[in-house]
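Here the structure is laid out as structure tokens; the discussion comes afterwards.
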Amino acid sequence: MKPKSPIAHQSTFSTYKNRNTIKLLVGATPGGLVNYVSPAYGGSTSDRQICERSYLSSICDKGDSIMADKGFNVQDFFAPYDVSINIPTFFRKNNRMTGKTVLKNRAISSKRVHIERIIRLAKTYKILKAPLNITETKLASEITFVCSMLCNFKTCIIPETA
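Residue numbering for the sequence shown follows UniProt numbering, starting at 1 and increasing by one per position.
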């Protein structure tokens, strides 16, 4: 649903999705349990802005590693906390990846896919299947937090062989 206020429309409009959205960060343990959900922000908010406004850096331990997607360029933000951001190297035209790079990318992607599965699982809740109405939008942070945490009580998304 498109917000009536021009300011609300501008802050929630995502050029990537070409519609009004909310955006948040979701974190999970290596075992697949959701352990972090940021507050919801308008779709135009950058990943960096969400990181800076959230308390994610304060809950990371020295030496932790965050698996992320391309465009999540916050390495410098987490560097003082000794937290590494692992982003797959993306293939560029006329560029070949080394075997080592391919293996590293595969390892990162195999972990990142768990977050995608968790988000897909959270979206199975009826309240997140359709656009939020104006009342629900005001509660977006709480709604997405609860739906994400409820995923911890569903069947584990990570196969035992992983």
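Don't be surprised by glycine CBs; every beta carbon is placed ideally from N, CA and C.
Could you say which of Arg48, Arg112, Ala40 lies nearest to serine 65 if we only look at CA atoms?
-> It is Arg112 whose Cα lies nearest to the Cα of serine 65.
What do you get for threonine 144, buried or exposed, if any count of 16 or more other CB atoms within 10 angstroms of its CB means buried? Only buried fits threonine 144, as 16 or more other CB atoms lie within 10 angstroms of its CB.
Open item on the list: Could you check whether cysteine 60 and valine 74 sit closer than 7 Å to each other, using their CB atoms as the reference points?
Closed with: The answer is no: Cβ separation not under 7 Å.
### Beta-carbon spacing of cysteine 151, valine 34 below 7 Å
Yes. Within cutoff.
C-beta atoms of alanine 40 and serine 141 nearer than 7 Å: The answer is yes: Cβ separation under 7 Å.
- prompt: In the UniProt domain "DDE Tnp4" (2-152), which residue ranges form an unbroken beta strand (DSSP E) of at least 3 residues, counting only runs that do not cross its ends?
  reply: DSSP runs (the beta strand (DSSP E)) wholly in the UniProt domain "DDE Tnp4" (2-152): 26-28, 34-37, 65-67, 84-86.
* To do: Counting only the same chain and skipping the five closest in sequence on each side, list residues whose C-beta sits under 6 Å from that of arginine 48.
  => Non-local beta-carbon contacts of arginine 48 in its own chain, meaning distances under 6 Å to residues more than five positions away in sequence, involve Val74 in chain order.
*How would you label alanine 28, buried or exposed, when you count the other beta carbons within 10 angstroms and need 16 or more for buried?*
Counting C-beta atoms within 10 angstroms of its own C-beta, alanine 28 has 16 or more neighbours from the protein chains shown and is therefore classed as buried.
Do you know whose CA, among Ser58, Phe13, Glu116, Cys156, lies nearest serine 44's CA?
-> Looking at the Cα atoms, Phe13 is the closest of the given residues.
Task: Cβ-Cβ separation, isoleucine 87 to arginine 117 (assumed contact under 8 Å), whole Å - done: About 19 Å; that fails the 8 Å criterion.
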